[in-house]
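Worksheet: one structure, shown below.
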Amino acid sequence: MSRKYQFNIHLTSVRCQEVINRRIIRCMENIRLKIGRRIKELRKKCGYTQDKLSEITEIDYKYIQRLEGKTPPALKVDTIERLAKALKVKPAELLEF
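Just so we're aligned: 75 in our numbering is position 91 of the sequence shown, and the numbers increase by one with no gaps anywhere.
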């Protein structure tokens, strides 16, 4: 096999991996947005403001704003558990969308 052919195979492989990585990132962002919407839905169902949810969970108000916003951060298990408890649902229910 020629070096040029090997190089082209490597470039194709790298490009494929980049496409896959972008799709995974978009998928994760989509999941975060759905979780954020679910948090907002449950928060409103409980009659809480973002400030009240922040107070109950001891999670920073700005973080809750970001969770419900357009670019939500990643969630840790501890955060999911605290939010679920405050929103009176099981952690798994918080992730249902």
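Don't be surprised by glycine CBs; every beta carbon is placed ideally from N, CA and C.
Fair warning: this is a prediction, and the values are worked out from it, not measured in the lab.
Item: Alpha-carbon spacing of I48 relative to K28, whole angstroms; Value: 13 Å
Item: Collapsed DSSP secondary structure at L53 in the structure displayed; Value: In the sequence as presented, Leu is not what sits at residue 53; that position holds Gly. Coil, per DSSP.
Item: Beta-carbon proximity check, K18 vs E52, cutoff 7 Å; Value: no
Item: Between the CA atoms of I9 and T41 - distance to the nearest angstrom; Value: 28 Å
Item: Buried or exposed (CB count within 10 angstroms, at least 16 for buried), A58; Value: exposed
Item: C-beta contact flag for T64 and P56 at 7 Å; Value: Correcting the residue type first, residue 64 is Ile in the shown sequence and not Thr. Against a cut-off of 7 Å, the Cβ pair of P56 and I64 comes out as no contact.
Item: Heavy atom of the ligand HEM within 6 Å of D44 beta-carbon; Value: Ligands displayed in this structure: none; no statement on the ligand HEM is therefore possible.
Item: Pair within 7 Å by beta-carbon distance, C30 and L67; Value: no
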